[in-house]
Structure formats: structure tokens, C-alpha cells
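Novice: Mind looking over this structure? Questions follow.
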Amino acid sequence: MSANSLPEGAAVWHSLEVDKALDLLDSNADSGLTPQEIQQRLQKYGPNELEETAGRSTWEILLDQFKNIMLLMLIGVALISGLIDLWAWRTGTLKPGEVPFKDTIAILAIVILNGILGYVQESRAEKALAALKKMTSPLVRVIRDTRFVEIAAKELVPGDVMLLEAGMQIAADGRLIEQSNLQIRESALTGEAHSANKQATLKLPEETDLGDRINLVFQGTEVLQGRGKVLVTNTGMTTELGKIATMLQAVENDPTPLQQRMTQLGNVLVTGSLILVAIVVIGGVIKDGGFKNIQELLEVSLSMAVAVVPEGLPAVITVTLALGTQRMVRQNALIRKLPAVETLGSVTTICSDKTGTLTQNKMVVQSVSTNNKTFRVTGEGYAPTGDFQLDGQKISLEESPEIPALSVACTICNDSVLQKEQGEWAILGDPTEGALLTLAGKAGIEKDQWNSKLPRVAEFPFSSERKRMSVITQVEGVATGEASSRGVDPAIAGFLESEPYLMFTKGSPELTLARSTQIHLGNYTGPLTEEHRQKILAENDLMASKGLRVLGFAYKPLVEIPPEGSDETSEQDLVWLGLVGMLDAPRPEVRAAVQECRDAGIRPIMITGDHQLTARAIATNLGIAQEGDRVLTGQELQRMTDQELEQNVDLVSIYARVSPEHKLRIVQALQRRGRFVAMTGDGVNDAPALKQADIGIAMGITGTDVSKEASDMVLLDDNFATIVSATKEGRVVYTNIRRFIKYILGSNIGEVLTIAAAPLIGLGGVPLTPLQILWMNLVTDGLPALALAVEPPEPDVMQRPPFSPRESIFARGLGSYMIRIGIIFAIITITLMLWAYQHTHAAGYQGDPEAWKTMVFTTLCIAQMGHAIAIRSNNRLTIEMNPFSNIFVLAAVVVTTILQLMLVYVPPLRDFFGTHYLNMQELGVCIGFSALMFVWIEAEKIFLRIMGKKAV
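Here is the structure:
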């Protein structure tokens, strides 16, 4: 078979015999490939590397920042302003002391700063693919041309024979040829916590799940122990890791709701500004009967264009989001992408893993059934303290000797260690076995002591086919020749007569029970009747229906150590001990967090690889689902078309036996239904779903680097309640963003209308220069806006449904508020402007006739301070609020007012900004008119309260 006829990656390698796989790839298990074959296949398949699609370059990202319509308009304004200044400079018409190009320089500086700010936010490259690449091994041992050689992993080709040993990272996907005690950690790829015991000789069904393909190995996984010989079947982008890389790069990064709203805002503002400019210019030309005052009209137009653009808004939003990230970190939520702070506030659906997120990731024994009695076990976590209760009453172990007997089996048939670290009980090893050690500790059975009483001499290890394990121990008291009554611990005195060995078996209750012929009844054994069997199976079903993971225990006295490989014959005629039911208990704070989700109109969904009965029990316990709600399994989901899944996603709150790749389909189906989805994940396979979700949430403790790099947020404590806290913070951030947008744009509209009115009502000149407008937009708007960004949450922030992520920035009355307040702003200022113009042009006026412009400038700035104080709440009057609940607003008002007065009364600043000195009467008039803005907003609140309406 030539290289050109090699099968593609679609071959179902796990369903093929080893010889068939070798034949398909024209390879030899002993000699490998020849140099000519290797060269041919390298040309056909390329290097064994993960390929990265071309993204935007650094320069493209930077230039994209200046495609923003508001920045483009400011660039146009700067150029026209520069041309006007150049003309005035060349013709000698500059005013005395006037600095040319200062407006142009100031505007371009703002444009550049905003561009840099956008670039810094956007230039953080996606590093998920880089993290995937780290999972590939740099060097690998192979057989080529009958020789053992070490090559770079990127030179591997399909058909190579790769050698594995403990500690290696696997460099490509492959079919096992042979193995010896080979265990591989595949948790990052499959989500399974246990290591996979590989077997080369098996031929598996085609539909076998990825995690159960124990005759295959996968790129990026780690060899824990043993050795193996592997036929390389897939390299580069055709490996399972490569498929994940392809999915990652296929997921497009859509703009966040905030980015979409800012784009919409820019379009509306620029369009409105250009229409107003056209009206002013055309109206001025008609009024003057020609173009004799065109320069003045252009200056008015430039000032209007600068006034309409909220230059400080990008900086204020960035700082607001950054402050939100700091608050979230204090709640154990690390935000990786700044816009995600606000995006969290729009979440309508949270898809959460079960283990470790909704639960404690600590298996705890809840129930023990032995000698026809079922005992409830109390206690939390791995601490070996708790009671055994029967019918709600605590019982003594002396009255129930079967409990210590069962606990001995839990201790001996166990490979984990229970220890205390820094005051906390912790497990080294499997959580299930840890729960058994904790149970034994509650019964007074300690592993260290019993390892010396019953030292292990042989074992039959657990396998997924047998679904059980057995441990053979030597009974020290009998082996030394002592009488059993004196040498054997009372806990196992009824287990044996004179036999020197005991075998303990644990595993699937049904299979272990099927191999038992007797039952342990306290201090003696009796025949296992059919009645006993039915009762035990019924109790097993009852425990499983409660979501418990159930194990069955048995023992058998032995006269000799059974030979290796005799498990099928040795594990017969067992003596039944009992059932142990355990549960990964829910986190105590999650139930309240789920209820908070419900109150906030957010739908929680559980997605787990666990059994559907367990999933249903936990979900019902936590309030995620109700009794009788449907559970959708991974197999059912696999058979569904995308359309069928889309029809079901709104009806299903529990997904069980789901593999990580199913998560991507669930997210996409929810998004097609218009849901805004947060998705949790920790494995490599979760990365595409995390990237596809509107908010991808990685686990900080158990998460892989790949999942973290693909996420928007990392849970530092892996806790569902933290997601809910972060969602609340996101709502607060969005509310505050809307608040300061109302504040900033209301004043901007007032500025535009005031500037437009000046030439139309016959006042000479422009009341505000571009530099003064920049001062207002950046300082007198910016500082209070930043203070409003840290406004505490309203009491009902989590008592309402999430606002639609697709709603307009002007929705829920924000647009009408801005226009209404802008008009009131303009009316107040234009009234002041008319009075000030007449005042400064009256006969006998001692000051500069141009001082009216400074009065307009000062009134607009100080009026904004009253606006900032009043807008802190949409419904509560200022006198009803604690003025110190946001001390930053008071500080911003005081500081900004002082800075504004410095522009009027400090000569160097007065000269630079083109202001004029105001006497105390004129300043008092400005303050009086400014106060009307505060009075109006408070009056609106009273009016709405009387009308029974609630402002938004």
C-alpha cells in the first residue's frame, strides 16, 4: 500500500484489530517505516504540529481603532481646525496672545489616547492554541527501519511505531500494539478523573465514547506507569487535540453587548451632529445672505462636532470595567477579558459542571446497609467524625458489630490515604476511596493499624470489565500460630475459623452480590437466601435513586494465596457484607445561589458526565430542577439533530453522561434560541465551548491551561456561588455605565444646542472653543463620571430579570432622558447666554465684552455638578440618600468646581483656555442658573413618584 492510499483520519481505529490497523497503514510493528516511506508521508500529511490560522497583525489591530466613526469625525475636526489656524497665521489675523494649532493638537492627542486605549484592550492575543501546543511532547522514541531512534515529535507520521514509558507526554494519536500495565492520565482530554488502564488486544464497537477507547492513546495525554508500543494513526490537526484546535479557531469572537452599544451610540451621535452642523451652516448662510461669515460658521460647526463626541467616555468605561475586575477578584472571580465584566450582567443562562462547582468534590458516605438494616451516616467532608443513626436515633457500635466489620473491608480494600494537612482533613488518592476511609474512621477503624493486622499480600486490580477489585491479606494472629480467639481483632472474629488469609472484594453491588453465597450477620455468617438478595437489590435501587454512588462489599476466607490471573475462579462463594452509598455533597452555599439566580431571572443548568440518577438527585436538591423534570443523556443528545436539540434546550435543565464536545452543541443551541450563555469547563475538550459561550468560565483549581486561556473568567474557588456574585457585579457595572452615559450625553446635547443657538439668535462669535469643550468633556464630565462608576448597587439589582443583551443603548428611557435633559440644559444656558450677552455689551460695562462666553462656559460646567449629584439614583431624592455612601461623587464635584474656577481666576490658565475674569455678581448668576439643573432633575423624580412611575 502506498502513502497516497493511506486511510484518512476518519478510520475508526479502536474498532480494528492490531494487525488490520498495521495493514491499513502499511507498517510493521517490529521494523517500523523505511526512510522513503517517512519522506512520502511527511509530504502528504505535513509535520506533526498544530497549525494556527492567520489572525490580525499588531498594525491591523492598531489601525482598526481609528476606524471608529467618532474618532474619524474628531480627526476631521482637527484637520479643519488646523487649516483655519494655518490660514489665520499666514494672513496675520491671529488674536494677540493666541497660540495657533492648540485645538488641533489637543484633539489629535485625545484621538491617539483613545486609539491606544482600544489597542491595549484588544491586542491580548488568544493564547488557547499556544497552551494546546505546550501539551505536545518535543521528543519521542520510535522504531524506524528496525532501529530505535529518538526524533522530534513534529517528524512523526502515520504508520510510525512509537514507544511509551512512564512520565512521557504522548506526541500523537495511535493504536496500541502491545502494553504492559499501561496507565495514562487523560483527564484533560476526556474529563474523566481516573487514569485509563490501556489494553492493546481489545477490539471495541465503533460507537465507543472517546474516554472508553482503552486500546488507543491520544496526543497531549501523560503516561503514569507501564510501557507500550503504539502505531501512530493520526498526527497534527487530525489528532483529537488537533480537532480541538480546529474548533477553537473556528469559533468567531463576536462583539460584546457593550461594544455593540458603543458602536450604535457613535453612529447616532455622529449622524445627529452632522445634521445639526448642516442646519447651522445652511441657516447661517441664508440669514447672512451669502458666505461672508463662513469662517465663523465653520468655527461653530467645529465646536459642535467636538461637543457631540464624548471624548472621555472610552477612558471612563475602561476604568469602570477595571474597577469591576478588582471587586470581582476579591470575590474569587478573575476576569481575563475586560468587556466580560459588563457582559456578565446580561447572562440569562448559566451552564455549570456538577463536580466541584455545584458540589464539594468530596465524596461523603451518606448511608450504610448491612444485616438487613440501613444506617444514616452524619458528618461533613473528609473529617472522620460523625455518628451512625438508625431510624433517626444514634446507635452504639457495640450493638451493631456489622458496621466495624464492613468498615474493615472499606479500609483494607483501599489504595488512598486520609491525612490532616494544616488543620484540614485531605485525601491522597481517589475521592471515592477517601470517603470509605472517612467512614471507617467514624467507626474507629484506622488504616495504619489494620495494614499491620491484615498486611496485603496479593490483589486482583479493578478493571472496567470486572467492575470490582479484590485484596488478599494475611491474618497475622493465625499465621503466627496463636488461637484465633486471642490473635484476631474482634471486628473480624466472625470472618474466619483457622484460615490464614482473607480476601476483601468491593465493586458493583449487582455483580458482587451475584458472586456471594453467604451473608455476614453480626458475629456469624449464614446462607444468602433469595429473600436477602431481593432486599439488598431493592436497597441498592433506593440508594441509587437518591443519587448515591453505591458499592457492594464482601469477603472470603482463604487457605492459600490465589495464583495471579485466577480472579474469575477465586472471586466466587463470597460472604456478603453490605452496601455503602456515598454522595459528592452539594456546596452549602449553592442552594441560596441557585435561588438568587431564579429571583434574578437567570436559568441554571447542570451539565455532568455523571449518572442521570445522581445528576437528578443533586439538581433537585439544589433547586435547579423539579421532581420529574427530564434528564437528557449524552447518548440521546448524540442522536439528536441540531434542530431537535434546539427545540429541547429550553425544556431540559439536567444533562447527564455528557462528554465535553457535547457542550459546544448545547451552547450553540441555547444561543440560537436567543439565550445569553455562561458556560463552565476545566478540560482541554471544554475549550471550544468556553470560547463559543458568551461568557466562558474556567476552573481555577482543577482547570487546564487551555481551558483558562479560552475563557473570559476564571473561578479561583471553582464555586457556582462565585458565578452568581460575579453576575451581580456585572449588573452593577452595566447600571453604572448607563448612569454615566446619561450624565455625559445629557450635557453634550446641551452643549451642542447652546453652540448652535448662538449664531442663529444673532450673537457674535462662538460661545465655546474646541479646547474649552474638550475640557468639559474630559474633566468636568470625566471626573464625576468616574465617581458615578463606583456607585453602590441598588437594593433590587438581583430581584429583576436580566436586561436583553441586544437592547439598544437608548432603551428603557435612556434616549428620551438624554434629549429631555439636553434640551433643559440648553434652555437654561441659552437664557443665561442672552442675559450675559446683554450684560457684557451694556453701556458702562467695565469688563471685557467677551466675558459672556466665559459665563456660558462656567454655567455649563457647574450645572453638570448638580446633575452628577442628582443622577446618583433614578428614583430616590438626593436628601433621601446617604451623601457618604459614594464619597467619590462629593469629592469629584468639589475638585472639578475648584478646577473650573481656576480657569477663570488663575491668569496663565485663563490665557491658555481663552477665558475672562468674572466678578462676584457674574459668578453668582452663573451658580444660580446652574442650580436650576439640579432642581429640575429632583422635580422630575417627585413628578414620577406622584404619577406612580419608576424611572430607569
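If you count by the numbering used here, then the sequence shown holds residues 92 to 1043, one letter each, in order.
Here a beta-carbon is modelled for each residue, glycine too, at the ideal position from N, C-alpha and C.
All values derive from a computational prediction rather than experimental measurement.
1) Is Q759 a contact residue of the ligand FAD, with contact defined as CB to any heavy atom under 7 Å?
2) According to the neighbour-count rule (16 or more other Cβ atoms, all chains shown, within 10 Å of its Cβ), is L449 buried or exposed?
3) State the Cα-Cα distance for the pair E682 and T711, rounded to the nearest angstrom.
4) With DSSP run on the structure shown, which of helix, strand or coil describes D264?
5) Suppose you measure from the CA of I129 to the CA of G137; what does that come to, to the nearest Å?
6) In this structure, does DSSP put D796 in helix, strand or coil?
7) In its own chain, which residues sit with a C-beta less than 6 Å from the C-beta of I900, not counting the 5 before and 5 after it?
8) Going by DSSP, what residues sit across from E515 in a beta bridge?
9) According to the Cβ coordinates, are L619 and W541 closer than 8 Å?
10) Taking 7 Å as the limit between beta carbons, can you name the residues of its chain near K544, skipping five residues before and five after?
11) Would you decide whether F239 is buried or exposed? Buried here means 16 or more other CB atoms lie within 10 Å of its CB.
12) Reducing DSSP to helix, strand and coil, say where Q686 ends up.
13) In chain order, what are the residue ranges of uninterrupted beta strand (DSSP E) at least 3 long that sit wholly in the region 717-774?
14) From the DSSP output, which residues share a beta bridge with A341?
15) Smallest Cα separation from S458: which of L530, I518, N423, G436?
16) Are there 16 or more other CB atoms within 10 angstroms of the CB of P998, so buried, or fewer, so exposed?
17) Please identify the residue among L107, T818, I1037, M909 whose C-alpha is closest to the C-alpha of A291.
18) Helix or strand or just coil, what does DSSP make of T962?
19) Please report the Cβ distance between P495 and A534, rounded to the nearest whole angstrom; I am assuming they are in contact, meaning their Cβ atoms lie under 8 Å.
20) For L153, which residues of its own chain have a beta-carbon under 6 Å away from its beta-carbon, when the five flanking residues on both sides are left out?
21) Could you compute how far the alpha carbon of K626 sits from the alpha carbon of D675?
22) Decide if N839 is buried, meaning its Cβ has at least 16 other Cβ atoms within 10 Å, or exposed.
23) Output the distance between the C-alpha atoms of I275 and R891, rounded to the nearest integer angstrom.
24) Going straight from the alpha carbon of I914 to that of A369, what length do you get?
25) Compare the Cα-Cα distances from P679 to each of D155, A780, N810, I335 and report the closest residue.
26) Measure the CB-CB distance between I171 and L393 and report whether it falls below 8 Å.
27) Does the Cβ of W178 have 16 or more other Cβ atoms within 10 Å, making it buried, or fewer, making it exposed?
28) Below 7 Å CB to CB, which residues in the same chain sit around P858 once its five sequence neighbours on both sides are set aside?
29) Given this structure, state the Cα-to-Cα distance separating F1025 from K782, to the nearest angstrom.
30) Strictly by DSSP, which residues pair up with V671?
31) Taking buried to mean at least 16 other C-beta atoms within 10 Å of its own C-beta, is A341 buried or exposed?
32) Quick one: what's got a C-beta closer than 6 Å to P653's C-beta in the same chain, skipping five residues either side?
33) Determine the DSSP secondary structure at G363, reduced to helix, strand or coil.
34) Drop a sphere of 10 angstroms on the beta-carbon of T732, count the other beta-carbons inside from all chains shown, and report buried for 16 or more, exposed for fewer.
35) Start and end of the alpha helix (DSSP H) containing L1000?
36) I'd like the list of long-range same chain contacts for F309, defined as Cβ closer than 6 Å, with 5 residues on each side in sequence excluded.
Specialist: If we stick to the structure as given:
1) Summarising the ligand content, the structure contains no ligands, and the ligand FAD is consequently not present.
2) buried
3) What sits at residue 682 in the sequence shown is Arg, not Glu. Their backbone Cα atoms lie some 10 Å apart in a straight line.
4) strand
5) 11 Å
6) helix
7) R352, Q355, L356
8) E512
9) no
10) E567, D580
11) exposed
12) helix
13) 722-724, 745-747, 768-772
14) For A341, which the question treats as bridged, DSSP gives no partner whatsoever.
15) L530
16) exposed
17) L107
18) Note on identity: in this sequence residue 962 is Ile, with Thr being the wrong assignment. Looking at I962 - three-state DSSP - the assignment turns out to be coil, as it is neither helix nor strand.
19) 5 Å
20) Y210
21) 25 Å
22) buried
23) 48 Å
24) 19 Å
25) N810
26) yes
27) exposed
28) T845, I846, A849, M924, K944, V947
29) 46 Å
30) V459, L642
31) exposed
32) S661
33) helix
34) exposed
35) 998-1004
36) D264, L280, E331
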